[in-house]
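S.K.: Using the working numbering, you'd call the opening residue of the sequence shown number 13 and step up by one each time.
We put the beta carbon where it would ideally sit given N, CA and C, even for glycine.
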Amino acid sequence: MAESVYKVIELVGTSTESWEKAAAAAVQHASRSLRDLRVAEVSDLDMQLRDGVVQSYRAKVKVSFKYEAGD
13 MAESVYKVIE LVGTSTESWE KAAAAAVQHA SRSLRDLRVA EVSDLDMQLR DGVVQSYRAK
73 VKVSFKYEAG D
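#1: Between the beta-carbon of L57 and the beta-carbon of W31, is there less than 8 Å?
#2: Give the secondary structure of S55 by DSSP, where H, G and I count as helix, E and B as strand, and everything else as coil.
#3: Going by C-alpha to C-alpha distance, which of K74, E80, K78 and Y79 sits closest to E22?
#4: Expressed to the nearest angstrom, what Euclidean distance is found between the alpha-carbon atoms of V51 and S76?
#5: Please return the same chain residues whose Cβ sits closer than 7 Å to the Cβ of S43, not counting the five positions on each side in sequence.
#6: Looking only at its chain, what residues have a beta carbon closer than 8 Å to the beta carbon of Q67, apart from the 5 residues adjacent to it on each side?
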């Protein structure tokens with residue numbers, strides 16, 4: 013069995029509707045430029061407020077993908 017190496021990056025997705033949509037936005041954006049995404053882990057949730065009203069939901073997401081180093 014060949015060994016594999018995976019890289020993990022941290023992203024913050026935002027949504028005016030929900031944390032779930034914020035997390036999905038981060039993954040969707042990452043999938044545009046990264047190949048072979050494997051796991052997404054939500055590590056933190058928060059909200060941006062203005063005058064005590066929720067403006068947006070934010071999800072901090074750790075995304076892993078297969079790492080392919082150049083020779």
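M.R.: Reading from the atomic positions:
#1: Residue mapping note: residue 57 aligns to position 45 of the sequence shown, counting from 1. Residue mapping note: residue 31 aligns to position 19 of the sequence shown, counting from 1. Their beta carbons are under 8 Å apart, which means L57 touches W31 by this criterion.
#2: Stepping through the sequence shown from its first residue, residue 55 is reached at position 43. If DSSP states are grouped into helix, strand and coil, S55 belongs with the strands.
#3: The residue given as residue 22 occupies position 10 in the sequence shown. Taking only the C-alpha atoms, the option nearest E22 is K74.
#4: For this step, residue 51 is matched to residue 39 along the sequence shown. For this step, residue 76 is matched to residue 64 along the sequence shown. For V51 and S76, the distance between alpha carbons rounds to 5 Å.
#5: For the purposes of this step, residue 43 is taken as residue 31 along the sequence shown, with counting starting at 1. Correct list, in chain order: L49.
#6: For the purposes of this step, residue 67 is taken as the residue at position 55 of the sequence shown. Within the same chain, Q67 has close Cβ partners T28, M59, Q60 and L61.
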